[in-house]
């Protein structure tokens with residue numbers, strides 16, 4: 053029996069008003085959130101366009117969380133998505149496996165939305181303590 | 058034999074006409090008021106039931122629980138009550154019988170209260186959870202009951218007794234699930250109705266009890282539910298058919314406590330009606346045990362498997378649940394900057410954010426383990442083990458570490474700690490969970506305690522903890538504070554919890570740090586303390602204070618012996634870009650953030666002040682310096698200047714300054730004292746004219762939290778002695794960088810001693826060439842330069858990271874006069890980006906003073922050879938020596954005045 057396709061969740065980085073890029077500062081520590089804030093117009097434009105494309109808006113904050121079938125992401129972002137399993141040895145728990153998805157382009161883009169969206173990244177999984 | 062006691066509860070008619078039985082789906086945050094009774098109805102029912110002879114057991118905003126003899130119930134409500142026993146119909150072989158009372162009319166009513174109550178029901182037994190074992194197991198080892206044991210060890214019962222339970226405070230938890238899926242076996246009421254034991258949130262199906270594999274007809278398909286009643290979509294074959302019902306409800310633990318549970322949701326298409334992993338259902342009990350009156354909401358972010366969306370869960374909590382506090386007991390598979398951004402933004406918007414520090418985890422991005430979430434503005438919670446019989450020690454299961462991400466200033470985790478068990482499994486707190494979930498099975502099937510929890514896999518309970526338990530305990534504590542003082546900022550909540558935590562002095566954390574008296578790496582400020590936190594702020598007062606030691610929380614008099622080293626008077630050679638970030642809350646525990654005062658330039662004085670009153674206010678801070686010999690004469694102290702502090706908020710920890718200390722006012726080399734006096738209308742400065750002696754001064758520092766004192770050294774640039782020089786390395790924007798720092802001594806005296814002090818994290822990542830480690834502290838590594846060109850290669854310099862490098866040098870006294878230089882070159886990703894040059898002009902001085910003994914010697918005096926480089930002060934002539942307070946060496950000069 054074919055395994056059920058997992059839900060794919062992604063984080064949408066919107067272009068900030070200041071021009072600063074959180075996405076390109078992977079190791080930066082965002083102490084001052086206002087510096088990375090998108091304009092309300094950018095947010096609304098992105099929300100509308102993503103919904104039009106068929107993505108589900110899960111939550112909105114400084115970034116957007118969107119979900120949809122893997123195939124939709126592959127089609128709109130022109131990427132290939134594959135599965136990835138990570139095994140960690142957690143204290144007192146032994147090996148713990150985390151399953152996640154991986155894109156052949158770590159930062160995905162939708163060409164038509166380049167003016168409002170800086171990049172789309174597959175959501176980082178959480179691990180209960 | 059005494060008559061058996063029956064427990065009942067009243068459901069009120071709501072003020073809007075909505076019924077909790079038929080309109081339960083409309084029960085939301087926005088409509089919660091619609092389901093509440095009208096004003097005074099609760100009191101009226103309490104009075105009428107008391108008049109009837111019942112005992113009132115509990116009263117909330119929405120319901121009343123009461124008890125009385127069976128006969129009293131039967132007479133008051135006109136029903137027949139009988140004891141019912143379940144057991145034979147249960148399909149679990151090891152099931153035990155369960156007895157409870159059942160009324161001939163499920164929804165009872167009395168004329169006494171019929172105009173204000175919707176129904177009266179007998180208590181629902183909080184039991185059947187796959188099997189009908191007693192609801193709470195009782196394993197044979199030391200553990201804490203979550204309702205009684207956790208609050209007791211956190212000193213919370215006195216707070217609850219004051220009526221402070223978190224009422225009105227909105228707490229959201231983001232975790233693996235909060236709704237429990239249960240299986241019960243019942244006889245149907247008729248062919249289309251089944252009554253189950255708990256308030257239904259969702260029904261998966263109803264099958265014949267003879268169909269345990271659920272392969273036949275699902276009689277619920279097309280049906281509906283309300284309250285505890287399920288209406289079937291397909292009629293059963295008989296009126297009293299035994300059926301197996303699989304449905305979702307809140308765990309009976311939560312239902313029985315009458316908690317206010319508001320919005321419960323999931324993200325990413327996760328099934329909100331089950332907690333497959335079991336973690337969220339369990340750990341949430343910690344919040345509600347500490348703050349049983351809070352309004353609790355929950356977002357499910359993970360099913361414990363493929364689907365795990367913590368950022369979306371965190372965002373959904375903020376967007377949909379309007380929380381004042383968000384608590385998270387998890388880390389992430391990789392550093393997620395978008396999540397850190399949301400955390401920072403939430404705190405900026407006034408929301409207290411709490412994260413578990415981890416169980417041996419860190420935020421090391423290169424580790425294979427989970428990454429802790431460590432933004433400096435959140436409250437990072439570690440663990441202490443509550444020793445049986447009293448006291449605490451650091452839990453060897455909980456994390457402690459310096460953040461790899463936030464290094465300037467160095468952020469340390471945890472800030473405070475809650476209750477956590479020890480290795481190997483941290484089995485400490487009996488917590489409710491969905492029966493037969495991943496964790497319940499894992500703890501049941503891992504062997505006997507301490508490797509397992511000695512409870513069954515399907516009993517709906519497990520004994521766990523971890524910092525996952527500690528974080529929600531602290532969230533509950535924050536809710537108590539916010540009920541009492543609703544104007545506290547998130548940073549004030551954090552500050553108060555830190556200021557009032559109980560010190561943990563023994564034990565070792567999961568990362569190997571050892572607890573010790575005072576702030577320590579293993580447990581931060583210590584175990585949160587409910588009563589101390591609630592009592593911290595003085596009601597209706599403005600109480601600014603400045604600390605005499607890290608442990609000083611403004612209590613007068615200070616008990617510490619060391620009064621001369623206030624951590625809150627900070628002198629810097631250069632102006633600080635963002636004082637609140639660099640010198641603020643995340644380095645509150647650091648007791649010496651000073652540079653050495655440098656003569657020949659302006660210096661910058663920063664102060665850290667707090668308010669332990671419940672009112673905001675304005676005050677001033679005046680800073681003086683004086684020679685130690687002038688303590689008794691405040692009139693001779695030099696007034697450096699005054700800072701105005703406006704609107705210092707309750708519980709706030711604020712960095713103020715800089716106060717510029719002009720070069721002309723900075724004394725020549727020597728030992729001096731800085732004194733700070735706070736003054737406000739409501740909390741005036743002490744009268745300095747009362748100081749008549751040094752002892753008076755010391756007593757004033759001890760007895761007044763408006764006065765602080767710090768000893769400092771003022772240092773000249775001293776050829777022939779030692780000095781220091783600092784510069785900053787700064788990473789450009791973009792992703793992380795590889796940095797190489799080259800320090801050339803090719804034009805420096807060959808026998809000079811040169812030490813390089815750098816943040817330990819950077820030194821740890823570097824490959825050393827012509828340098829060796831001379832010393833290490835928690836935060837810094839000091840390297841000895843071995844001459845020629847020394848290099849730190851391949852340091853992990855972060856984007857926009859600004860980190861200070863200090864070079865200390867001592868030049869031998871016999872070094873020929875001349876101009877020498879040290880040249881440092883910074884390469885980022887292989888490219889030269891900056892160079893820093895220090896030129897040292899050496900001249901021959903005839904005399905050398907001793908900074909410590911205050912004696913002056915001829916350069917060739919044998920006593921000079923015995924002086925440490927730091928104590929050597931170059932002096933041109935005897936007149937300068939006298940002007941600077943030096944006395945002649947009796948051996949080489951003669952004429953000593955002593």
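Chains as they are written, first to last, in my numbering: chain A, 53 to 181; chain B, 58 to 955. Where is the CB? At the ideal position from N, CA and C, for every residue including glycine. Nothing here was measured: the structure is a model prediction, and the numbers come from that model.
The CB of residue 114(A) comes closer than 9 Å to the CB of 372, 395, 398, 399, 401, 402 in chain B, given here in chain order.
For residue 487(B), the uninterrupted beta strand (DSSP E) segment begins and ends at 486-489. Just measuring C-alpha positions, the residue of 98(B), 160(B), 890(B), 518(B) sitting nearest residue 64(B) is 160(B).
Neighbours of residue 334(B) in chain A, taken as residues whose beta carbon is under 9 Å from its own, are 180 in chain order.
In this structure, residue 811(B) lies near residue 867(B), with their beta-carbon atoms less than 9 Å apart.
Distance from the CA of residue 703(B) to the CA of residue 422(B), rounded to the nearest whole angstrom, comes to 40 Å.
By alpha-carbon distance to residue 292(B), the top candidate from 132(B), 248(B), 280(B) is 248(B). Runs of the beta strand (DSSP E) lying entirely within the stretch 804-851 of chain B and spanning at least 3 residues, in chain order: 810-816, 824-826, 828-833, 837-842. In the structure shown, the three-state DSSP call for residue 456(B) is coil. The stretch 532-544 of chain B makes contact with the stretch 219-230 of chain B: 3 or more CB pairs, one atom from each, lie closer than 8 Å. Relative to residue 246(B), the option among 285(B), 259(B), 209(B) whose CA is nearest is 285(B).
The stretch 355-368 of chain B makes contact with the stretch 330-340 of chain B, as at least three CB pairs between them are under 8 Å.
Note that the stretch 712-725 of chain B touches the stretch 660-675 of chain B; at least 3 beta-carbon pairs, one per stretch, sit closer than 8 Å. Listed in chain order, the positions of the stretch 781-793 of chain B with a beta carbon within less than 8 Å of a beta carbon of chain A are 790, 791, 792, 793. In the three-state reduction of the DSSP assignment, residue 84(A) falls in the coil class.
Following the DSSP letters along the chain, one finds residue 626(B) in no alpha helix (DSSP H) but inside the beta strand (DSSP E) bounded by residues 626-629.
Note on geometry: alpha-carbon atoms of residue 303(B) and residue 68(B) lie some 26 Å from one another.
Scanning its chain for C-beta atoms nearer than 6 Å, with the 5 sequence neighbours on each side dropped, one finds around residue 762(B) the residues 602, 611, 613, in chain order.
One thing to note: residue 388(B) has its Cβ no nearer than 9 Å to the Cβ of residue 580(B). Using a Cβ-Cβ distance cut-off of 8 Å, the stretch 629-641 of chain B and the stretch 689-699 of chain B are not in contact, since fewer than three pairs of beta carbons, one from each stretch, lie closer than that value. Taking 8 Å as the upper bound for CB-CB distance, residue 881(B) and residue 852(B) are not in contact here, some 13 Å apart. If you draw a 10 Å sphere on the C-beta of residue 605(B), you find 16 or more other C-beta atoms in it, and that means buried. The three-state reading of DSSP puts residue 939(B) in helix, counting H, G and I together.
Between residue 548(B) and residue 202(B), the gap from beta carbon to beta carbon reaches 9 Å or more.
DSSP, reduced to helix, strand and coil, places residue 715(B) within a strand of the structure shown. Shown in chain order are the members of the stretch 347-378 of chain B whose Cβ falls below 7 Å from a Cβ of chain A: 358, 359, 362, 363, 364, 365, 366, 367, 368, 369, 372, 373, 375, 376. Against chain B, a Cβ distance below 8 Å from residue 110(A) picks out 324, 325, 366, 369, 372, 373. Note on the stretch 502-580 of chain B: whole beta strand (DSSP E) runs with a minimum of 3 residues are 518-521, in chain order.
Following the DSSP letters along the chain, one finds residue 306(B) inside the beta strand (DSSP E) bounded by residues 299-307. Within chain B, the residues placing a beta-carbon under 7 Å from that of residue 61(A) are 325, 366, 369, ordered along the chain. Taken atom to atom, the span from the alpha-carbon of residue 636(B) to that of residue 590(B) is near 27 Å. Note on geometry: alpha-carbon atoms of residue 946(B) and residue 871(B) lie some 20 Å from one another. Check the Cα spacing between residue 435(B) and each of 460(B), 448(B), 732(B), 175(B): the tightest is with 460(B). Contact between residue 374(B) and residue 380(B) holds, since their C-beta atoms are separated by about 6 Å, short of 8 Å. Following the DSSP letters along the chain, one finds residue 125(A) inside the alpha helix (DSSP H) bounded by residues 122-129. Closest in alpha carbon position to residue 743(B), among 514(B), 765(B), 221(B), is 765(B).
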